[in-house]
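Numbering (my numbering), first residue to last: 23 to 327. Ideal Cβ positions, reconstructed from N, Cα and C, are used throughout, including at glycine. Quick caveat: nothing in here was measured; it's all calculated off a predicted structure. Have a look at the structure below before the remarks.
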Amino acid sequence: MKLAICRVQRSVWKLYMAVFCPSARPPVIIAIALFASTMLIFSKPRWVENVLIALVLLMSAAFILTFLLIRPDFGDVLAGFVPSIPDGGLMTAIALIGTTIVPYNLFLHAGSVRNRWDKEYLPEAQLDNTVSIGIGGLVSMTILATAAASLFGSGKTIENAVDMAQQLTPLFGNMATATLGAGLFAAGLTSALTAPLATGYIVQEIFNAPASRWPFRIGALIVILSGTFAALLGYRPVELIFVAQIANGLLLPIIAIFLLRLANSSKLLGTYANGLKANILGVVILLITTTLGFRLIARALGFWP
23 MKLAICRVQR SVWKLYMAVF CPSARPPVII AIALFASTML IFSKPRWVEN VLIALVLLMS
83 AAFILTFLLI RPDFGDVLAG FVPSIPDGGL MTAIALIGTT IVPYNLFLHA GSVRNRWDKE
143 YLPEAQLDNT VSIGIGGLVS MTILATAAAS LFGSGKTIEN AVDMAQQLTP LFGNMATATL
203 GAGLFAAGLT SALTAPLATG YIVQEIFNAP ASRWPFRIGA LIVILSGTFA ALLGYRPVEL
263 IFVAQIANGL LLPIIAIFLL RLANSSKLLG TYANGLKANI LGVVILLITT TLGFRLIARA
323 LGFWP
């Protein structure tokens, strides 16, 4: 039994290295681009939804398993629930908010269900959002705990997925490295689908053609080709991703203001307009994100120490 487990671990490790090893990167990048293009351009929306659900489940299971394998100090984990921003961590905090509550996901969810659900399905939509946001928060917490237990204080510079995953090997073995790699791969593949998917919906709206597939396909394909080209050039993605998530965090309050205004429009939503409880929660979230964004901008301009 032990020998079988070891063989499985080695097989998973070889698969991980085949995916992330730089020498294999171009074929893998092209394969992922072809997969994403096929799914978004030729597949039915239900198929895309099922693939995304499977990838999210794989990603969640992989990160949670990695979290359990490294056995972090649960006292430190619980202490992390006390809100605080360490020195030099403001941009990271905003980036974390930006990657957990991605602004374009708000419109992606609305666009994907608009032609399939009506107002009678509102409770199901609320449950769907609650579960998906909860899973996203859980995954973010497991990633943070994993990074804190294995990377914090190591002095290592993380430039790609290989650097992050291989850091676990001497401490926790190949199994932890492989599960983290599987989680990162699933996370990247979901982004390879959702980013062009959201863009496709936006292009449909720009051309006022929500029922036409061609604007959607063109918009999605442009994003896929742009990402493929950038990846093939060998750019280091960490800095770009970090800056993009900071931008998401800064844009979030602006988008939230418009959404709150629309959500309170009885003319637009009738009896489904926001109530007092929803407005209080919305304003609290808006104040937190706005304060963080203002602090970042003020610090960059020298107005805030």
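Between which residues of its own chain and residue i is the CB-CB distance below 6 Å, once the five residues before and five after are set aside?
i, result
"Gly304", "Leu282"
"Ala84", "Thr201, Ala204, Gly205"
"Ile224", "none"
"Val99", "Ala167"
What span of residues does the alpha helix (DSSP H) with residue i cover, start to end?
i, result
"Ser172", "144-172"
"Tyr223", "196-228"
"Arg68", "67-92"
"Ser59", "47-64"
"Thr114", "112-122"
"Thr250", "235-254"
"Val104", "First-last for Val104: undefined, no H or E at that position."
"Lys289", "288-291"
Check whether the Cβ atoms of residue i and residue j sit closer than 9 Å, and answer yes or no.
i, j, result
"Pro218", "Ala253", "no"
"Ser59", "Ile277", "no"
"Ala204", "Leu80", "yes"
"Leu211", "Phe64", "no"
"Phe207", "Gly222", "no"
"Ser82", "Leu160", "yes"
"Gly133", "Gln226", "yes"
"Leu314", "Leu112", "yes"
"Ala115", "Ile107", "yes"
"Lys141", "Tyr294", "yes"
"Leu272", "Ile319", "yes"
For my contact list, residue i and residue j are in at a C-beta cut-off of 8 Å; report their separation, rounded to the angstrom.
i, j, result
"Gly120", "Asn230", "Their Cβ separation, rounded to whole angstroms, is 29 Å, which puts Gly120 and Asn230 out of contact at 8 Å."
"Gln267", "Ala117", "4 Å"
"Ser172", "Ile92", "6 Å"
"Phe89", "Ala167", "6 Å"
"Ala53", "Thr250", "The Cβ separation is near 10 Å, so there is no contact."
Short of 8 Å in beta carbon distance, which residues of its chain neighbour residue i, apart from the five on each side in sequence? Order them along the chain.
i, result
"Ile279", "Leu308"
"Asn127", "Thr216, Ala220"
"Phe103", "none"
For residue i, I'd like the list of residues in its chain whose CB is within less than 7 Å of its CB, leaving aside the five on either flank, ordered along the chain.
i, result
"Pro44", "Low per-residue confidence applies at Pro44: pLDDT is 47, beneath 50, and the placement is therefore not dependable enough to give any value."
"Gly158", "Thr122"
Looking at residue i and the ligand NAP, is the gap between the Cβ and the nearest heavy atom below 8 Å?
i, result
"Arg239", "The model on display carries no ligand, and the ligand NAP is accordingly not part of it."
Worksheet item: Which whole runs of the alpha helix (DSSP H) in the region 271-310 are 4 residues long or more, in chain order?
Response: 288-291
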